[in-house]
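Residues are numbered in this note's numbering as their position in the sequence shown, beginning at 1, plus a constant of 101.
We treat Cβ as the ideally placed atom computed from N, Cα and C, and that holds for glycine.
One structure is given below, encoded as structure tokens.
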Amino acid sequence: MLTKAKLMIPVDRTDASYDLVPFARAFAQEYGIRQIHLVHVLPLNPPVGSLEPLLQATLPVSDLPVLREGSEVYLNRLVQDLQTDDFEVHQAILYDWDVANALIRYTEEQQIDLVVMGTHGRKGFNRLLMGSVAEKVVREAPCPVLTIRPDKNLVKPALIRRIVVPTDLSKHAKMAFKVSRHLASRHGATINLLHVVNEEGLPPFYDPYWKYNKSKEALRSKVYRLLTKFIEEAEGPSVQVNRAIRFGKPEKEIPTFASTIDADLIVIPTHGLTGLAHFLMGSITEKVLRSATIPVLTLKSFGKHISPLLVEDALSEQPPPA
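See below:
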């Protein structure tokens, strides 16, 4: 139980945001979380010379009093709904020209343990125009983030039965697998450990001559052995784990696989890269967020993480990577 944990729900006054709250409430109830923070950000005009107007809607200062009043009414309605379940509810209205930065600062200042937020699944020009608040929060927040594409037919947390855990077989991925084992143990769920062989950039642990031998079956056998070793070395309770191997681009294969097996949750690590490193390496996790139709729990190898999820005072602090 996580009675001392703090859960944050960013809301934006849309119907999609309102539909997200029942899932977050159910998640908090399932894990005994008692403190919930509802946070709404009013985006101010950006500094002169900034490109921010091209990336997200901003508001003139003169409109703020009226908009704040409307936001307070909206938040009060959500607070009343949550207080019926005896949650300790905190609400905050923030002002910033960068919505994601405001949310990230709040997680730091309030020592938030978990963020539950919606993603609208925007693509193309519309995603560029509106920005991607969820992706930035996932990348830079110092705590786990559970992103959800709002859907009134979402599976309740208590009904999670199939969990997809993509892995690149790294040490960092073992932490996500450990958390997934605790989740699966709690729910009686099955883990589907997925490794996608990216044929465009083979890691060194693959056969260096694979591209010349063209033997997918030989490579599949080697990856299967590596997955077995990965499972044996990882910590966490004993649960049913299925191994799956796919060939292609991870950002496409992961959501497709999750949909094929009718999964309820994806648990995936993110390295939290920013700047040039993020630009050069891209972010499979963020691409998965855009296309996944089920909740995605992203975890980092540093900062707060939920491991194990089901033990009192289980939230622990990990040092940043060297």
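Reference residue i; option with closest CA among the options
i, options, result
"H273", "P370, F124, N293, S360", "P370"
"N299", "G337, E354, R287, T291", "E354"
"S271", "G349, D363, L328", "L328"
"A127", "F188, R178, V246, D116", "F188"
"P258", "P243, A285, C244", "A285"
Close-in-space but distant-in-sequence residues of the same chain around residue i (CB under 8 Å, 5 per side omitted)
i, result
"R114", "H141, G171, S172, Y175"
"D365", "V256, L260, I261, R262, R263, I264, A290, I395, P396"
"L294", "V266, T268, F278, L328, F331, I332, V342, N343, R344, A345"
Classification of residue i by the beta-carbon crowding that lies within 10 angstroms, buried from 16 upward
i, result
"Q136", "buried"
"K107", "buried"
"T208", "buried"
"R240", "buried"
"G337", "buried"
"A319", "exposed"
"S322", "exposed"
"K317", "exposed"
"P356", "buried"
Expected contact under 8 Å - CB spacing of residue i and residue j to nearest Å
i, j, result
"I426", "V266", "Lying outside 102 to 423, the shown extent of the chain, residue 426 is not represented and no answer is given."
"P143", "V112", "Per the sequence shown, the amino acid found at residue 143 is Leu instead of Pro. Between V112 and L143 the Cβ distance is about 12 Å, and since that is not below 8 Å, they are no contact."
"A201", "V246", "Incorrect: roughly 11 Å between the Cβ atoms, too far for contact."
"I362", "V389", "At roughly 15 Å, the Cβ-Cβ gap does not stay under 8 Å, so I362 and V389 are not in contact."
"A335", "K401", "A335 to K401, Cβ: 17 Å. No contact."
Chain-order list of residues whose beta-carbon lies under 7 Å from that of residue i (same chain, five-residue window excluded)
i, result
"Y119", "none"
"H296", "T268, L270, V324, L328, I346"
"L183", "R126, I137, V190"
"S360", "T394"
"V424", "Outside the modelled stretch of the chain, which goes from 102 to 423, sits residue 424, for which no answer is possible."
"P351", "P267, V297, N299, I385"
Same chain, Cβ closer than 6 Å to residue i, five either side skipped, listed in chain order
i, result
"E387", "E236"
"L195", "V142, A203"
"R282", "G337, P338, V340"
Short CB-CB distance (under 7 Å) between residue i and chain E
i, result
"E352", "Absent from the structure is chain E; it holds one protein chain and no more."
Contained alpha helix (DSSP H) runs [length at least 4] in the region 242 to 297, N- to C-terminal order: 272 to 288
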